[in-house]
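Each remark here refers to the structure printed beneath this line.
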Amino acid sequence: MTTTTVPTSYTAKKWNLAGLAGISDHTLEVHFGLYEGYVKNTNSLNEQRDELRSRGKGAATDLAFAELTRRLGFEYNGMVLHEYYFDNLTAKGNGTPSSGQFSDAAGASFGDFETWKKDFAAVGGLRGVGWAIAYQDPKNGRLSNHWVSLHEDGNVAGFTPVLVMDVWEHAYLLDYKPAERSKYIEAFFSNVDWSTVGSRLTRS
Ligand SMILES: [Fe+2]
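Quick note on numbering: the numbering used here labels position 28 of the sequence shown as 71, and the sequence is numbered without any gaps.
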């Protein structure tokens, strides 16, 4: 068996998203900083757990180990979901996918793209901080829209995130009033990179 070398830590990604419609460069700058915090905290949690284990303090009954472990879902998902989110944005967005992969998938599961979009926007408007995520079930190709509280409560194991929208207030509060989340959601749609979204589908 060959041994694969894996990185010992995560490196923050960079995006050039200047000039999005309705999401200011200042919002993005602040948001990138928050994302980098999740990368840093994920690495830190792993280092601290390694260190505890090296000292023989890595049992379930060791309180420090247990507390660090319970934080993994928040930090890991905070890191990964932001990467999906920034990856599915582009300053060259045009609001709706051209006919093809994603529209076909939305149509197959919801009847048509507009019905899928209305459902996704409604999920994104739920009270609380979290994420709206369109997943594809890799077993049957079905799309479904889900609400994820914080970063970790509501993700579906094994499903493929296809479109990811951050609806924490930090994603829009510099550009919109708290009650104007629907305006941010429309702005988000106008910046979606549908080719990236389509490339995430594992089944047509
Ligand atoms: Fe965020």
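We treat Cβ as the ideally placed atom computed from N, Cα and C, and that holds for glycine.
Separation of residue j from residue i, as counted between CA atoms
i, j, result
"Leu95", "Thr47", "25 Å"
"Gly154", "Leu186", "11 Å"
"Asn86", "Ser52", "6 Å"
"Ser225", "Thr54", "33 Å"
"Glu79", "Gly121", "10 Å"
"Asp196", "Trp190", "8 Å"
"Ser192", "Pro204", "15 Å"
"Thr158", "Leu216", "27 Å"
"Gly116", "Gly62", "32 Å"
"Glu212", "Gly99", "41 Å"
"Gln144", "Gly138", "15 Å"
"Pro140", "Arg113", "39 Å"
Run of the beta strand (DSSP E) containing residue i, from where it starts to where it stops
i, result
"Val191", "186 to 192"
"Tyr178", "173 to 179"
"Val205", "203 to 209"
Assigned exposure category for residue i - 16 Cβ within 10 Å defines buried
i, result
"Arg243", "buried"
"Asn59", "exposed"
"Val235", "buried"
"Lys57", "exposed"
"Leu132", "buried"
"Ala200", "exposed"
"Asp93", "exposed"
"Glu118", "buried"
"Lys160", "buried"
"Asp68", "exposed"
"Val49", "exposed"
"Thr104", "exposed"
"Asn183", "exposed"
Bridge-paired residues (DSSP) for residue i
i, result
"Val240", "In DSSP, Val240 forms no bridge with anything."
"Asp196", "Ser192"
Unbroken alpha helix (DSSP H) run spanning residue i, endpoints
i, result
"Val123", "115 to 130"
"Leu95", "68 to 97"
"Glu229", "224 to 233"
"Ser152", "144 to 153"
"Glu157", "156 to 167"
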